[in-house]
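In the working numbering, the protein residues as written are 160 to 321.
Heads up, the thing below is written out as structure tokens.
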């Protein structure tokens, strides 16, 4: 694993994040234990921040008030991203309206005017990714090659300071 240049690394992380819809936000609870919360990524253009819609009464909100240092992990069949950074609640009704969609309404049927609904902004300061170039078929071929030759899988793994 190597640490990549910020510009190239951020571009690679942004490229990978386009494939993910769901994330696990990891917070620290009142007892100091790590707790993961499933959330849906609301904005696909990664500039170092991710946006989520969340209920003000969610346990993650309580945890973030105690300790804003969080992690976000995302995975698919052939790539994985782990982000570290901070989270904050953002009361921005215009941004909430911009991000609002029918899927969110399943969780918050009263719509974006529901007083329990708010935005969670995650700001990343570092990332690590694992990527198997070529998709599922290439990953499978790399796995078979590894089993036959005893060599490690063909995959990219980089740590990125953002």
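Using N, Cα and C, we set each Cβ at its ideal position, and we do this for glycine too.
In this structure, DSSP gives residue 191 a state outside helix and strand, which the three-state scheme calls coil. Secondary-structure assignment with DSSP links residue 281 through a beta bridge to 209, 246. CA-to-CA, the gap between residue 191 and residue 256 works out to about 34 Å. If you check the CB distance, residue 168 and residue 264 do not come in under 8 Å. Note: residue 230 is bridge-paired with 185, 243 in the DSSP secondary-structure output. DSSP places residue 214 in the strand class (E or B) of the three-state scheme. The DSSP-derived three-state label of residue 200 is coil. Of the candidates 270, 205, 200, 205 places its Cα closest to the Cα of residue 286.
Judged by pairs of C-beta atoms under 8 Å, the segment 235 to 249 does not touch the segment 194 to 203, as fewer than three such pairs exist. Burial is judged here by how many other beta carbons sit within 10 angstroms of a residue's own beta carbon; residue 242 has at least 16 and is buried. Cα atoms of residue 171 and residue 231: separation of roughly 16 Å, rounded to the nearest angstrom. With respect to residue 249, residue 222 sits apart: the two C-beta atoms are not nearer than 8 Å.
Within the same chain, and ignoring the five residues on either side of residue 177 in sequence, the residues whose Cβ sits closer than 6 Å to its Cβ are 203.
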